[in-house]
Amino acid sequence: MKKLFLIIGAPGSGKTTDAELIAAKHDTITHYSTGDMFRAEVASGSEQGKLIDSYVSKGNLVPIEIVIETIVGAIKKAPTDVVIIDGYPRSGEQMTELDKYLATEDEVELMNVIEVAVSKETAFQRVLGRAADAEVVRADDNEEVFLNRMKLFTDPLEEIQAFYSEKNLLKQISGEGTIEEIVSEMDKFIQSRV
Ligand code: ADP
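Under this note's numbering, the first residue of the sequence shown is numbered 5, with each subsequent residue one higher.
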């Protein structure tokens, strides 16, 4: 039985970094980031990658069929029972599609959806600060695309929170502290659930 944790959070919330650090501490956990998986496909130069790039470079959501294929593929290929995916769900539709998939799949259980919560100001500073410091700047880390990513994150957030709160699966963690503090809180929580 695979135990699935999803991590959601604004651009700049640190969700990918936090999950990577937790997976690095435990041989029993595999982590995938939707954004990283899409960037890898873009970097491969495939036709699918070109299509994905036309969305990611503008900060728009990649089409649902590709997203579902990507996350289901990741869950299936994960070599461990505990799987963390960050960056999913990002819309009501993605949430409903996952729910349908889980209803047909006895071997996968959704344990929790962890929201890493940061203010818009923190998100803005981290993303545009990261762009200013980085050696290789992400094409979507500029102000215009950031604002679009932020809006697309914020618009469905209440619906997503309500859906998982109702199922008692939502765990909110403040993303305002240091990486060590956030990772420690998230790690303890995940360990308490597996
Ligand atoms: P951030 O959360 O900081 O915007 P990510 O690396 O998580 O960065 O995602 C980068 C981009 O990848 C998004 O702006 C979007 O284009 C695409 N993406 C990531 N996750 C999803 C998803 N679940 N559905 C659709 N598109 C996604």
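Virtual Cβ for every residue (Gly too), placed ideally from N, Cα, C.
key: Enclosing beta strand (DSSP E) for Asp90 [first to last residue]   = Val86 to Asp90
ask   = Do the CB positions of Lys19 and Gly91 come within less than 9 angstroms of each other?
value = yes
key: Length-filtered (3 minimum) beta strand (DSSP E) runs lying within the region 62-138   = 86-90 and 112-121
query = Which value, in whole angstroms, describes the spacing of the CA atoms of Ala28 and Leu55?
reply = 31 angstroms
query = Can you give the Cα-Cα distance for Asn172 and Leu114, rounded to whole angstroms?
reply = 11 angstroms
ask   = From Ser188 to Val86, what does the alpha carbon distance come to, in whole angstroms?
value = 17 angstroms
DSSP bridge partner residues for Phe9 (one or two, in chain order) = Ile88 and Asn116
request  = List the endpoints of the continuous beta strand (DSSP E) containing Ser50.
outcome  = Taken as a continuous stretch (DSSP letters only), Ser50 belongs to no beta strand (DSSP E), as it is neither H nor E.
ask   = What residues in its chain sit with their C-beta under 6 angstroms from that of Ile12, if we drop five residues either side in the sequence?
value = Glu119
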